[in-house]
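Working notes for the structure below.
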Amino acid sequence: MTTIAFTLNGRATSVEVSPVRRLAHVLREDLGFTGTKVGCDAGDCGACTVFLDGAQVCACMVPAGQVAGRRIETVEGLAKDGKLTALQQAFHHFNAAQCGICTPGMLMAAADLFQRTARPSEDEVMDALGGVLCRCTGYRKIVDAVLHVAGRVPAAALDNTPDAGRAVGARFPKVDGLQKLDGREIFGADQAPADALWLRAVRSPHFSATFTVGACDALHRKYPGLVRVFTARDVPGNNGFGVYPQVKDQPVLADGDVRFRGEAVAALVGDRDTVMTIRDDEVPIHYTPRTALVGVDSALAEGAHRLHTDKPGNILAFGYVERGDADAALAAADVVVEGTFETAFVEHAYIEPEAGWARRVGDRVEVTVTTQTPYMDRDEVAQVLGIANEAVRIIPTACGGGFGGKLDISVQPLVALAAWHLDRPVRCVYHRIESMSSTTKRHPARMTARYGCTKDGALSGFTFFGDFNTGAYTSWGLTVKDRVPIHAMGPYHVPAVRAKTRAVFTNETPAGAFRGFGVPQAAITHEALMDEMAERIGMDPLEFRWKNAIRVGQPTASGQVLKASAGLAECLAALRPHWRKARAEAEAFNRTGDGVRRRGVGVGAIWYGCGATSAPNPSTMRMGVAADGTVTLYSGAQDIGQGTNTTMSQVAADGLGIAVDRLRLVWGDTDLTPDSGKTSASRQAYVSGGAAKRAGENLRAEILRLANAGQDAWLRFEPGAIVVEDRGRMQTIDLRRLEAGGPNGDVIMAEGYFDPPTEPLDEKGQGVPYATYGFAAQIAEVEVDVELGTVKVRRIVAAHDVGRSLNPTQVEGQIHGGVAQGLGLALMEEYIPGRTENLHDYLIPTFGDVPEIETILVEDPEPTGPYGAKGVGEHVLCATAPAIFGGIYQATGVRIRRAPATPDRVRAAILARKEQRP
Amino acid sequence: MKPPPFKYHDPRTVAETVELLARNENAKILAGGQSLMPMLNMRYVQPDHVIDINRVEGLSYIREAGGRLEIGAMTRQREIEYADLVARRAPIVREAILNVGHRQTRNRGTLGGSLSHLDPAAELPLVSAALEATVHVQGPKGKRDIAMAEFPAGYMSPSIELDEMVIGVTLPVWPDGHGYGFVEFSRRHGDFAIVAAAVLLDVEAGGKIKRASVTVGGVGPSPVRCRDAEKALTGEKGAEAAFRAAAETCRTIDAMEDVYAPAWYRQHLATVMTRRAMVAAFGRAANAR
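Protein chains in written order, with our numbering: chain P, 1 to 918; chain A, 1001 to 1289.
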């Protein structure tokens, strides 16, 4: 230990720490400056960027000893006297902070740039901020915000103060936006009681093994700071979890058998130094490795061991949709194309690793955690502890990115279990490698499909078989195997379809929910075949899609006749002028270019059912008026950066008839808010939005009833009173005379409930799986360096049918972020267990990779949605990879069959095509 | 995780540092920390002693002496990036630096650290090899010089003794108006190179190449000088075909294979990157214009 004195945000500071302790941890843990985030601890993500003597550095790579006598500045030091800098304000107005976890790093990197130059160019911005990763925004809004401060981009379109009843559709900035800009926002790793013990899971280094755990006495003797070592036998309730009520196949702590590398085997609890110092191989765990089943072929092979005794052949389940006679339709088709397509494991790579803490409060347990789904977490923790659901309270922190990866529990049962036994607060923060190796991924898929059409371009039939590697445990495998066959033919009217999926267990990382639930993989398949058919019949790829786009009145492959809000044709029509111009420009470029760089333009079209597949999927929202006149929305809909807190407020405010900036928001806490379901399946805007609208309307009805006023009355909320004006007649409800009650102690309250109308699917997948679908079409302009095989995406134009845009700024944010993730899926992202387990080896797009994105919002209102809205969160990703692959084809003549299309694969494909040509 | 326990030393002089190295087994020098800190955190290295040389005096300088550039081991990459002297006398070094990591890492990372770490794909060892740098090291027996060609002993292993440290580098300067090209292939901006090429050309009046230096990084375990390519270029006049033929000689370099790229692709990249670097270098040479 050494005393290290330095200046922190202008103030003399001194701290007693080891000189090799990382500055990031000194700031966060020792000094409480948690605005500086830790995403990787390895200099790969830049979330911990601070100033050291005025220059940006990664605080995770600076030992404390080196800052003695120096100046450190953090995000907390940017705003002066509570006034945000121009840069912070621009981030707010441009929606440059979505989840906010990378924002402190981005702001510091940008502030560093402005020290060097007042009017940086776009290239200089990209260079200065290039060391900070963002997974939500697709970077473009960040660049715009910085360039605005540089005087190069006009102010963002903004509607800060929409009138009562006019919040929906307004570009209202995030209601929780400001705290993401000055370091105040609290994420999973940012807060825990000072006396909290630390928990670290010991994880299997083997893909497949049996094991025993010996006595830990020696370990305790060597490390007095070690309080307990928990193993499977310490789980008081069910040692199993899973997202479906009927499937709990993943143990909290493995019980004698590990099925993937990274599986939790034991949990060390003690002081921080101790649990972080103990090496895994010091814990007396004796593994007996066995053959690892890696990839679906080895898991399906004869003689392969069973991962789960009740699952013969390692098959989790099949999914199936059949309509008409697809074989006959293909036999009769003028043109039939087919192909086999493969995709990889894809990692969510949210910049915030899993983190949280728990404490026991009498016979209850409280878990404060980063999550996408507080109520599911509550029920999971309850059954693991063997206590009632109501005995668990989940208090969500701000969520530093989710994308599906924080739907499954991670730290929750571990810290809850430890706190329950020890009756002391216990916290856990995953490190990056742990996060990547132990949490779910996108399912790798191998899909074979045949598609046929007539020579005049009418689709006739489609068959599909897809294997989806669900890894070691079920997670969301059942959802993926069901969702894919419904969507596999794409957003088209196809008279005859047979689509089958198989989810297969392997000794790999569990594959679960990731933005799109298998639909992005299927979209690569159907869109590649659409391109091939168009070429075979000599039709323009976009016009071929437009001709076949499913329209209102037509049945889906599930036999669901669409009644409204099917805006694909409109999306494609909106892209048409961009498409024609870009295709012609690419052809001209290739005619006159050097032959090394070749350009192409592709189009992808997709659809996506909003909400759970043929399952109850309700949301409840609550609103209340307190005795002092405060109106509150109690929302259980978890905001993971997409802006749900904001859009729910807008919808509820309009339902009630109050200005949105007058509404107080309480979110997430399961003791304070009703169950609004999970943030998943593009359902919050549509389903929870429906509930929020009804909550507002019901509260309004209750107020009108109290005032005995008519439907058109105006409401004015004043301190302690509501003034109701009904055709010139003024009435005052004295709130102080009303009795407080209900779960939140309000004097007037109401709830809203919405469950989208679906119908079960029969054994042929016929029924009404979703109440509504979102549609999208995107075009990608790409440039391929044919010598290298590199693909540079130059521009994306994205047209999305969102029903009604509740907040265009937030919708654009979703589109930008989805495009960036789609680009990653297409070109660079491949998670290989044991090999690409950090943000250095696993590549996600950076500033330089994401092109200009033009967004077109198509509004074909959904009658069951709030003000016509439906979901958008996942559609945004699905169309990008197919569009990029189409562009690669126009540029090179190479058809991509395997994602990601890495440079060596593209180059190999170009060489193979040359050899085939005479 | 946290690094395993080790003792931290904070010397003020090179002599003190060398003595610490000599006295303590399993010691590791901490320079800019941009590779070592994460390696410690991930426990890829587990030293018993860490010797932080950030307060050692006299190791940070950029100067010209006897027609050569001298750069101290603890000179930060950003100082090299912004040094006029480097831009004028060894512009290829500045080109290379712009490909090293990001602003955050360049603000801390040092020349000596990069050379000692000796990542096969790192840019600074590559240009040092291209320029035929001399690496100065100091140990208990005093100072000695190592030619950059002899400096790598193997994969990520410099040929220095356990009790020696890199204290500086001398870079020969090419004539004014020489051509230089540094071309890098990485998957994303700021990543380590998969393959990078550094080419220097001395072009005489009339456009004939008098002398060539061609080096590739990322293909083998350490930077590879492509003597066949250099020979092929010498006497040529910068025709596309000549560059293509010279670059093609790089296809036979023994190549590594990893998750980023198979060996055949690295060899292919070596030919494309060297050719592009040749074209860039020739285009910059004063006498080629």
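Think of the CB as a built atom: it goes at the ideal place given N, C-alpha and C, for glycine as much as any other residue. Since the structure is predicted, the reported quantities are computational estimates derived from the model, not experimental observations.
query	result
Which residues, in order along the segment 44–58 of chain P, keep a beta-carbon less than 7 Å from a beta-carbon of chain A?	G46, T49, A55, Q56, V57, C58
Starting from the Cα of T506 of chain P, find the closest Cα among P:S682, P:W357, P:A155, P:G313 and give me that residue.	P:G313
Taking 7 Å as the cut-off, decide whether the C-beta atoms of H1189 of chain A and G1168 of chain A are in contact.	no
Just to make sure I have the definition right: I need the residues of chain A whose C-beta is within less than 8 Å of the C-beta of R835 of chain P. Which are they?	V1259
Pick out whichever of P:E859, P:D112, P:R683 has its Cα sitting closest to the Cα of Y770 of chain P.	P:R683
Does N1024 of chain A have its Cβ less than 7 Å from a Cβ in chain P?	no
Can you tell which of P:A209, P:R140, P:V269, P:A499 has its C-alpha closest to the C-alpha of D195 of chain P?	P:V269
With DSSP as the reference, please indicate the residues paired to D396 of chain P in a beta bridge.	The amino acid occupying residue 396 of chain P in the given sequence is Pro; Asp does not appear at that position. BP columns for P396 of chain P point to P:V369.
DSSP state of E725 of chain P, grouped into three classes?	strand
Leaving aside the five residues before and after S1186 of chain A along the sequence, list all residues of the same chain whose C-beta is less than 7 Å from its C-beta, in chain order.	F1192, A1193, I1194
D1163 of chain A to N1026 of chain A, Cα distance in whole Å?	10 Å
My output table needs one value for E587 of chain P: the three-state DSSP class, helix, strand or coil.	helix
Taking L663 of chain P as part of the alpha helix (DSSP H), name the residues at either end of that continuous run.	No alpha helix (DSSP H) holds L663 of chain P; the beta strand (DSSP E) holding it covers 663–667.
Decide if R221 of chain P is buried, meaning its Cβ has at least 16 other Cβ atoms within 10 Å, or exposed.	exposed
From the beta carbon of Q66 of chain P, is the nearest beta carbon of chain A less than 7 Å away?	yes
Chain P partners of P1120 of chain A, CB-CB under 7 Å?	Ordered by position in chain P, no residue passes the 7 Å Cβ test against P1120 of chain A, which lies about 15 Å from the chain.
From the beta carbon of P19 of chain P, is the nearest beta carbon of chain A less than 7 Å away?	yes
Where do the N-terminal and C-terminal ends of the beta strand (DSSP E) with A776 of chain P fall, by residue?	773–785
Checking contacts by CB at 7 Å: is L843 of chain P closer than that to chain A?	yes
Can you tell me which residues form a DSSP beta bridge with R1211 of chain A?	A:D1202
Name the chain A residues whose beta carbon is nearer than 8 Å to that of L788 of chain P?	F1185, L1269, V1272
Spell out the partners DSSP gives A1277 of chain A in its beta bridges.	A1277 of chain A pairs with nothing; no bridge assigned.
Mind listing the chain P neighbours of V1014 of chain A? Cutoff is C-beta to C-beta under 7 Å, in chain order.	Ordered by position in chain P, no residue passes the 7 Å Cβ test against V1014 of chain A, which lies about 18 Å from the chain.
Contact defined as beta carbons within less than 8 Å: I believe T509 of chain P pairs with G262 of chain P. What is the distance between those atoms, to the nearest angstrom?	6 Å
Counting only the same chain and skipping the five closest in sequence on each side, list residues whose C-beta sits under 6 Å from that of T1170 of chain A.	R1068, E1070, T1134
Which same chain residues, not among the five before or five after N238 of chain P, have their C-beta less than 8 Å away from its C-beta?	K248, Q383, V384, G386
Kindly say whether M61 of chain P, judged by its beta-carbon, lies nearer than 7 Å to any beta-carbon of chain A.	yes
Candidates A:L1126, A:N1054, A:Y1044: which alpha carbon is nearest T1013 of chain A's?	A:N1054
Going by C-alpha to C-alpha distance, which of P:T397, P:G39, P:R736, P:D334 sits closest to D176 of chain P?	P:T397
Please list the partners that I832 of chain P has in chain A, where partner means a Cβ-to-Cβ separation under 8 Å.	V1259
Rounded to the nearest angstrom, how far is the Cβ of S635 of chain P from that of A692 of chain P, given a contact under 8 Å?	7 Å
Going by DSSP, what residue range makes up the alpha helix (DSSP H) through K792 of chain P?	Not the alpha helix (DSSP H): K792 of chain P falls in the beta strand (DSSP E), residues 790–801.
Against chain P, does Y1155 of chain A count as a neighbour if the rule is that its beta carbon must be under 7 Å from one of theirs?	no
Could you tell me the alpha carbon to alpha carbon distance between S649 of chain P and V666 of chain P, rounded to whole angstroms?	10 Å
Between the beta-carbon of C48 of chain P and the beta-carbon of A64 of chain P, is there less than 7 Å?	no
Kindly indicate which residue of P:V858, P:V786, P:A777, P:G466 has the alpha-carbon position closest to the one of P882 of chain P.	P:A777
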